[in-house]
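Asker:
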Amino acid sequence: MPEKLRERIEELKRLARAAEDKPAALGMDIDLARFGEQPPGYDYREALQHISELDPEEMARTGVRVDARERAGSFVQIDDTVVHASALEEGIEVMGTREALETYEWLWDYYWKAVPVDMDKYTAAVELHPFDGYFIHALPGARIIYPLQACMYLRSPRYIQRLHNLIVVEEGAELHIITGCASEHEIESALHAGVSEFYVKRNAKLTFTMVHNWHPNMYVRPRSGILVEEGATFINNYICMEPVLYLQTYPTARLRGEGAVARFNSMMVASPGSVMDVGSRVILEAPGTRAEVISRAVTRAGEIIARGQIAGKAPGIKAHLECHGLILDKGGRIYAIPELDGGDPDVDMSHEAAVGKIAQEEVEYLMARGLSEEEATSAIVRGFLNVRIEGLPPQLEREIQRLMEESESKAL
Amino acid sequence: MLEIKGLKVEVEGREILHGVDLSIDCGQTHVLFGMNGSGKTTLLMAIMGFPRYRVTAGSIRFKGQDLAGLSVDERARLGIGMMFQRPPTVRGIKLMQMARLIPAREERDINVLAGELNLADFLERDINHGFSGGEIKRSELLQLLVQDPNLVLLDEPESGVDMENMQVIGEYIRSLLQKDRRRTRDHCGLIITHTGYILDHVEADVGHVMCDGRLVCSGNPREMLEDIRENGFEECSRCVR
Ligand SMILES: Nc1ncnc2c1ncn2[C@@H]1O[C@H](COP(=O)(O)OP(=O)(O)OP(=O)(O)O)[C@@H](O)[C@H]1O
Ligand SMILES: [Mg+2]
């Protein structure tokens, strides 16, 4: 290992150690000492069918098809172990992050460059303890039509699942990723701390669709950073409709090159007892960049904090933030916090937020056509959640639609 | 088929209908005239059973059954359907989806229907979102055709509709009302109209004039329309036929 790299790693460890007890800027503080257990290891499986620890139905709900049909590749991790990684198309690489860092020295240039290692105790914990995660690499100019599927599964109780994902989409490449995070049904309390760093190079395009299927005892702390270069597009779709104890995440995209685009779509349903503190932040640093942040939050006696922040720091940028919430049951709470930060006279930034109950007039309109009150309500809530996601290939759009519908029918 | 007696209806604490009697036999089509704000829409909303339209006296019977206590959807499933004067916009539900959600008595090809109603481009749009006046009428009609109710309540079906579309709408309203069959007809209708244009497409049996929450006059719909055109509604309130 070259001297410079050794020094950098030492520096990262030092920074991480200094942040080991640093509470996150947002969300309830969690005492990490509570989660001391070590998960077992798992064997590597050549075929997805042989991953008996996961039931196929559960996997399907996170977007992962066991037959890998119409998929560009697959990645599955259980607890801390990579049990499967395969690329089925040209121009794409998929492997565990640790293996990738051993294989490619250049990858260290992407390591902790989009998320600060000392952001909080969760990022520090990922650096200071054994971890794994996926490295997904789209080679320059590769147009990968089918989505790549990845599943992060948490099976063991009372421990911290630490992930560090690195996604690099090279110049002019196009990649779609569908990823699901899920935990065992009856799991006792556990914590998922996942770092994801995305690099979308010049004129590249990445759509990243994530479905979260947690359980009511789970603490979840994803930490994501996205760097988007000139002319590149990043689309993030986030679906979280299952119960969770406490989720807090605030991915940040920086649009660093002229004409870069970022879109965030979040669709959340909070069950009774769940707290979801979910935000999206876009920093528009280069001229002519664009951003759109859309969230739809539905609560049934759970709590959702829907944050959104847009910072425009260059001329000719255009950005919009939209946050709509529906409170279905008593005891539910939606706290929408849209923030605009304009730093140039030539910015066009707007936001729109609305929180309320389902419109009785609309329910009655559907009832007048013969739908029962429950049918009408559920149709309206689904309609509310179904954000139209622009810029997807039709096949992927259908797939995301299907994922959304499945999550909805389970949640509502 | 529909039997209304002494109906009083309150909206937000204010009595709007002050005792309405109306009886529509199986197979008949009635039209309802009356000034703006006289209570025509209120009558339809009360028949449909919207909770904001509170019945304080009298009764509505349909197919021999007292509708009191039945919810809007129960009434719809009993065979009552309504074309709204001002339906709400429902974001996220496409017209196509809506048409598929409606419990239909008979399978209908929605694409074909939409084509004939010049609505093909609207199937994938959020229902009523940005629809023009005439487009709303056609979309309402499409939904009613899927639902195929026995009692067809139409609130100003022709307002905002251009000549060309009027032809199409007229034709489909005829079919909703089973105008081409006589003996086996089991549908009936109540149509609110200001212009009476609909009468050029759909024969009606009886006309009524609503005046300040009361039906003040009934008779031959064409003659009544002539009267109203000539003398306005002033005469109606005085006329006791
Ligand atoms: N939801 C409501 N809230 C308050 N007032 C109402 C409501 N619905 C009806 N009204 C009042 O009741 C009266 C009758 O209204 P309605 O809509 O039945 O009239 P209409 O005869 O259908 O008139 P138009 O020809 O203009 O459609 C009006 O004064 C109206 O303002
Ligand atoms: Mg009216």
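One line per chain: the protein sequences are D and X, in this order. Using the working numbering, read the first sequence as starting at 660 and increasing by one per residue. Using the working numbering, read the second sequence as starting at 115 and increasing by one per residue. All C-beta atoms, glycine included, are put in the ideal place defined by N, C-alpha and C. Computed from a predicted model, the values in this text were never measured in an experiment.
1. What's the C-alpha gap between D/Ile804 and D/Val937?
2. Please name the residue or residues paired with D/Met935 in a DSSP beta bridge.
3. Can you tell me where the alpha helix (DSSP H) holding X/Gln261 begins and where it ends?
4. Can you tell me whether D/Glu833 is helix, strand or coil according to DSSP?
5. Counting C-beta neighbours from all protein chains within 10 Å, is the total for X/Asp276 16 or more, i.e. buried, or is it exposed?
6. Taking any Cβ of chain X, which residues in the region 1023 to 1053 of chain D have a Cβ under 8 Å from it, in chain order?
7. Roughly how many whole angstroms lie between the Cα atoms of X/Leu227 and X/Leu256?
8. What does the shell around ligand 2 hold, if a residue joins when its beta-carbon is under 6 Å from any heavy atom?
9. Would the beta-carbon of D/Ala801 fall within 7 Å of that of D/Gly750?
10. Count the other CB atoms within 10 Å of the CB of D/Ala1063; is the residue buried (16 or more) or exposed (fewer)?
11. So which residues of chain X does D/Glu1021 contact, with C-beta pairs closer than 7 Å?
12. I'd like the list of long-range same chain contacts for D/Asp680, defined as Cβ closer than 8 Å, with 5 residues on each side in sequence excluded.
13. What in chain X is Cβ-close to D/Ala960, meaning under 8 Å?
14. Measuring straight from C-alpha to C-alpha, what distance separates D/Leu865 and D/Ile826?
15. Are X/Gly206 and D/Asn1045 close, meaning C-beta to C-beta below 7 Å?
16. Taking 6 Å as the cut-off, does the CB of X/Ser152 come closer than this to any heavy atom belonging to ligand 1?
17. Would a check of beta-carbon distances place X/Met197 closer than 7 Å to chain D?
18. Just to make sure I have the definition right: I need the residues of chain D whose C-beta is within less than 8 Å of the C-beta of X/Gln261. Which are they?
19. So, for D/Ser842: in the same chain, excluding its five sequence neighbours on each side, which residues have a beta-carbon less than 6 Å away from its beta-carbon?
20. Based on the DSSP output, what are the partners of D/Cys810 in its beta bridges?
21. Can you look up X/Leu339 in the DSSP assignment and give me helix, strand or coil?
22. When you compare only the Cα positions, how much space is there between X/Gly248 and X/Arg296?
23. What is the DSSP secondary structure of D/Thr740, reduced to helix, strand or coil?
24. For X/Glu317 and X/Met162, I'd like the C-alpha separation in whole angstroms.
25. Is X/Cys140 buried or exposed, if buried means 16 or more other CB atoms sit within 10 Å of its CB?
26. Let's see if you can read the secondary structure: which residues bound the beta strand (DSSP E) around D/Leu766?
27. Suppose you measure from the CA of D/Pro881 to the CA of D/Arg817; what does that come to, to the nearest Å?
28. Using a beta-carbon distance below 7 Å, is X/Gln257 in contact with chain D?
29. Can you tell me whether DSSP reads X/Pro202 as helix, strand or coil?
30. Going by CA-CA distance only, name the one from X/Arg288, X/Leu231, X/Pro217 and X/Tyr311 that's closest to X/Arg343.
31. Based on Cα-Cα distance, which residue from X/Gly193, X/Val169 and X/Lys119 lies nearest to X/Gly127?
32. Give the range of the alpha helix (DSSP H) segment to which X/Val78 is assigned.
33. Within its chain, find whatever has a CB closer than 7 Å to the CB of X/Val354; leave out the 5 residues flanking it on each side and keep chain order.
34. Out of curiosity, what's the CA-to-CA distance linking X/Gly120 and X/Lys177?
35. Excluding the 5 residues preceding and the 5 following D/Tyr909 in the sequence, name in chain order all residues of the same chain whose CB lies nearer than 7 Å to its CB.
Answerer: Looking at the atomic coordinates:
1. The residue labelled residue 804 of chain D in the question sits at position 145 within the first sequence. The residue labelled residue 937 of chain D in the question sits at position 278 within the first sequence. If I take the Cα positions, the gap works out to 29 Å.
2. For the purposes of this step, residue 935 of chain D is taken as residue 276 along the first sequence, with counting starting at 1. Beta-bridge pairing links D/Met935 to D/Leu906 and D/Ile963.
3. By 1-based counting over the second sequence, the position of residue 261 of chain X is 147. Counting along the chain, the alpha helix (DSSP H) containing X/Gln261 begins and ends at Gly247 to Gln261.
4. As a working note, residue 833 of chain D is residue 174 in the first sequence. It is a strand residue.
5. To locate residue 276 of chain X, count along the second sequence from 1; it is residue 162. Classification for X/Asp276: exposed.
6. Glu1023, Tyr1024, Leu1025, Met1026, Ala1027, Arg1028, Gly1029, Leu1030, Ser1031, Glu1032, Glu1034, Ala1035, Ala1038, Ile1039, Arg1041, Gly1042, Phe1043, Leu1044 and Asn1045
7. Within the second sequence, the letter at position 113 stands for residue 227 of chain X. Within the second sequence, the letter at position 142 stands for residue 256 of chain X. In a straight line, the C-alpha of X/Leu227 is about 7 Å away from that of X/Leu256.
8. X/Lys154, X/Thr155, X/Gln199 and X/Asp269
9. As a position in the first sequence, residue 801 of chain D is number 142, starting the count at 1. As a position in the first sequence, residue 750 of chain D is number 91, starting the count at 1. Yes.
10. Position 404 of the first sequence holds residue 1063 of chain D. Looking at the sequence shown, residue 1063 of chain D is not Ala but Met. Under this definition D/Met1063 is a buried residue.
11. Taking the first sequence and counting its residues from 1, the one referred to as residue 1021 of chain D is at position 362. Pro202 and Val204, listed in chain order.
12. Indexing the first sequence from 1 puts residue 680 of chain D at position 21. If we look at D/Asp680 and ignore the five residues flanking it on each side, its Cβ neighbours are Lys780.
13. The residue you call residue 960 of chain D lines up with position 301 of the first sequence. The premise fails here: D/Ala960 is roughly 22 Å from chain X at the closest Cβ pair, so nothing lies under 8 Å.
14. To locate residue 865 of chain D, count along the first sequence from 1; it is residue 206. To locate residue 826 of chain D, count along the first sequence from 1; it is residue 167. Spanning the two alpha carbons is a distance of roughly 10 Å.
15. Within the second sequence, the letter at position 92 stands for residue 206 of chain X. Within the first sequence, the letter at position 386 stands for residue 1045 of chain D. Contact: yes.
16. Reading the second sequence from its first residue, position 38 is the one you call residue 152 of chain X. Yes, Cβ of X/Ser152 sits closer than 6 Å to a heavy atom of ligand 1.
17. Sequence index remark: in the second sequence, residue 197 of chain X carries index 83 (1-based). Closer than 7 Å: no.
18. For this step, residue 261 of chain X is matched to residue 147 along the second sequence. Here the neighbours are Arg1028 and Gly1029.
19. Locating residue 842 of chain D in the first sequence gives position 183, where the first residue counts as 1. These residues qualify, in order along the chain: Leu813, Trp873, His874 and Met877.
20. As a first step, residue 810 of chain D must be located in the first sequence, where it is residue number 151. For D/Cys810, which the question treats as bridged, DSSP gives the partners D/Val735 and D/Gly839.
21. Locating residue 339 of chain X in the second sequence gives position 225, where the first residue counts as 1. Three-state result, X/Leu339: helix.
22. As a first step, residue 248 of chain X must be located in the second sequence, where it is residue number 134. As a first step, residue 296 of chain X must be located in the second sequence, where it is residue number 182. Whole-angstrom Cα-Cα distance: 30 Å.
23. Translated into the one-based positions of the first sequence, residue 740 of chain D becomes position 81. D/Thr740: strand per DSSP, three-state reduction.
24. The residue given as residue 317 of chain X occupies position 203 in the second sequence. The residue given as residue 162 of chain X occupies position 48 in the second sequence. Spanning the two alpha carbons is a distance of roughly 24 Å.
25. Within the second sequence, numbered from 1, the residue matching residue 140 of chain X stands at position 26. Exposed, because fewer than 16 other Cβ atoms sit within 10 Å of the Cβ of X/Cys140.
26. One-based indexing of the first sequence puts residue 766 of chain D at position 107. D/Leu766 -> no beta strand (DSSP E), and no H or E assigned at all.
27. Residue 881 of chain D sits at position 222 when you count from the first residue of the first sequence. Residue 817 of chain D sits at position 158 when you count from the first residue of the first sequence. Rounded to whole angstroms, D/Pro881 to D/Arg817 spans 18 Å at the Cα level.
28. As a position in the second sequence, residue 257 of chain X is number 143, starting the count at 1. Cβ-Cβ to chain D under 7 Å: yes for X/Gln257.
29. Position 88 of the second sequence, counted from the start, is the residue given in the question as residue 202 of chain X. Here X/Pro202 sits in coil by DSSP.
30. Within the second sequence, numbered from 1, the residue matching residue 343 of chain X stands at position 229. Out of X/Arg288, X/Leu231, X/Pro217 and X/Tyr311, X/Tyr311 has the C-alpha closest to the C-alpha of X/Arg343.
31. Mapped onto the second sequence, residue 127 of chain X falls at position 13. For the residues X/Gly193, X/Val169 and X/Lys119, the minimum Cα distance to X/Gly127 belongs to X/Val169.
32. Past the boundaries of the shown model lies residue 78 of chain X; chain X is included only from 115 to 355, so the question cannot be answered.
33. By one-based count along the second sequence, residue 354 of chain X stands at place 240. Note that X/Val354 scores 49 on pLDDT, short of 50, meaning its location in the model is unreliable and no value can be drawn from it.
34. As a position in the second sequence, residue 120 of chain X is number 6, starting the count at 1. As a position in the second sequence, residue 177 of chain X is number 63, starting the count at 1. Taking the straight line joining both Cα atoms gives about 18 Å.
35. For this step, residue 909 of chain D is matched to residue 250 along the first sequence. If we look at D/Tyr909 and ignore the five residues flanking it on each side, its Cβ neighbours are Leu685, Gly938, Arg940 and Arg966.
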